[in-house]
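Novice: Below is a structure I'd like to ask you about.
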Amino acid sequence: LYVEQALGQGQPVQVSRDQAHYLFGVMRLGVGDWVALFNGRDGEWQARVGEAGKRGGELLCESQSAPLRMPPDLWLLFAPIKKARTDFIVEKAAEMGAARIVPVQTEFTNSERIRQDRLQAHAVEAAEQCGGTYVPEVAELQKLGPLLDRWPAERQLMFCDETLAGRSSALSGLLAGQGENARTGGPSGPWAILIGPEGGFSERERARLAALPNAHAVSLGPRILRADTAAVAALTLWQQALGD
Ligand code: SAM
Numbered sequence: 007l008y009v010e011q012a013l014g015q016g017q018p019v020q021v022s023r024d025q026a027h028y029l030f031g032v033m034r035l036g037v038g039d040w041v042a043l044f045n046g047r048d049g050e051w052q053a054r055v056g057e058a059g060k061r062g063g064e065l066l067c068e069s070q071s072a073p074l075r076m077p078p079d080l081w082l083l084f085a086p087i088k089k090a091r092t093d094f095i096v097e098k099a100a101e102m103g104a105a106r107i108v109p110v111q112t113e114f115t116n117s118e119r120i121r122q123d124r125l126q127a128h129a130v131e132a133a134e135q136c137g138g139t140y141v142p143e144v145a146e147l148q149k150l151g152p153l154l155d156r157w158p159a160e161r162q163l164m165f166c167d168e169t170l171a172g173r174s175s176a177l178s179g180l181l182a183g184q185g186e187n188a189r190t191g192g193p194s195g196p197w198a199i200l201i202g203p204e205g206g207f208s209e210r211e212r213a214r215l216a217a218l219p220n221a222h223a224v225s226l227g228p229r230i231l232r233a234d235t236a237a238v239a240a241l242t243l244w245q246q247a248l249g250d
């Protein structure tokens, strides 16, 4: 169960009304039962139910069952698409171990607004579902141009370029240079993946990306994938080669 409060030995954790409904109503837990808790910062803790009521309750942390496991320093940048598909991208990115999820507005992005709080809640649910101890931050929507203007020199950018579809994947060449990490599965340094909108990238954006020394255009294979499929494919390829 995800909670906001700090977790530690003997730490009491107050249960909200919604959590009480889930724990004591749906899961039918009672006083003395165990619950696994995480907050994205303190690892996973086993807590006992101290008080159980309809509108709230209290849990008491007893022991840490897993330390905080930080994912590799990987950001997923993507242009929001339809609501359900955007939700899907955030959920899958959190499951696949992205450390930060950054919705970006490109020249051809349809959506000019996102519900950051809703997307963050999806990231929490996804982390809960896959037993993670870390919750990726979902950033506010930001414009791609200014983001590239101040792109950090140390962060590599895997730019998924649909115009390369059909050519042999540039990913293998790109990752060959990172062979040591790919073999050992060790930390790979800061990376980001960039996925475009349904309309793809503009010529201006392509030129901007081509001029960025640490951006690497890659193909995800011979077919043009939908953006949500492309995000999952890119995360899988990156994790397989460089993740841990
Ligand atoms: N409108 C574009 C077109 O028809 O050429 C397709 C854009 S695609 C639906 C959305 C995004 O997914 C692209 O901007 C790109 O980032 C990524 N993508 C899809 N297929 C890809 C591929 N084969 N290689 C690299 N990136 C791909």
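Counting in full-length UniProt numbering, the sequence shown runs from 7 upward without gaps. For each residue, glycine too, the CB sits at the ideal point set by N, CA and C. Here the structure is a predicted model, which is why all the values come from computation and not from measurement.
#1: So does I120 have its beta carbon nearer than 7 Å to some heavy atom of the ligand SAM?
#2: Considering only the alpha carbon of each residue, which of I87, E160, Q15 and A237 lies closest to L218?
#3: So does the segment 130-150 actually touch the segment 96-116, counting three or more Cβ pairs closer than 8 Å?
#4: Which parts of the segment 72-109 are runs of the alpha helix (DSSP H), unbroken and 4 residues or longer, counting only runs that do not cross its ends?
#5: Which value, in whole angstroms, describes the spacing of the CA atoms of E97 and A213?
#6: Just the C-alpha distance for E204 and F114, rounded to the nearest angstrom, thanks.
#7: With respect to 7 Å, is the separation between the Cβ of E211 and the closest non-hydrogen atom of the ligand SAM below this value?
#8: T242 and M102 look like a contact to me (Cβ under 8 Å); what is the Cβ gap, rounded to whole Å?
#9: Heavy atom of the ligand SAM less than 7 Å from the Cβ of G206, yes or no?
#10: To the nearest angstrom, how far is it from the Cα of T92 to the Cα of C67?
#11: At a threshold of 7 Å, does I107 count as lining the ligand SAM (C-beta to nearest heavy atom)?
#12: What's the C-alpha gap between Y28 and R229?
#13: Given a cut-off of 8 Å on the beta-carbon distance, is the pair S117 and I87 in contact?
#14: For L41, does the count of other Cβ atoms within 10 angstroms reach 16, so buried, or fall short, so exposed?
#15: Given 8 Å as the limit, is there contact between the segment 7-18 and the segment 48-65, that is, 3 or more CB pairs closer than that?
#16: Measure the C-alpha to C-alpha separation of W35 and A53 and round it to an integer number of angstroms.
#17: Taking DSSP's pairing of strands, which residues face W244 in a bridge?
#18: Suppose the cutoff is 6 Å on Cβ atoms and the five residues either side in sequence are ignored; what does the same chain contact list for F84 look like?
#19: Tell me the DSSP secondary structure of Q135 in three-state form.
#20: Using DSSP with H/G/I as helix, E/B as strand and the rest coil, what is Q17?
#21: At 4 residues or longer, and completely inside the segment 114-169: list those alpha helix (DSSP H) runs for me, N to C.
#22: Using DSSP with H/G/I as helix, E/B as strand and the rest coil, what is R47?
Specialist: The short version:
#1: no
#2: E160
#3: yes
#4: 89-101
#5: 31 Å
#6: 8 Å
#7: no
#8: 7 Å
#9: yes
#10: 35 Å
#11: no
#12: 43 Å
#13: yes
#14: For clarity, residue 41 is Val in the given sequence; the question names Leu instead. By the 10 Å Cβ count, V41 comes out buried.
#15: yes
#16: The residue asked about is misnamed: residue 35 is Leu in this sequence, not Trp. C-alpha separation (whole angstroms): 12 Å.
#17: Paired residues: none, contrary to the question.
#18: I95, I201 and A237
#19: helix
#20: coil
#21: 122-135 and 150-155
#22: coil
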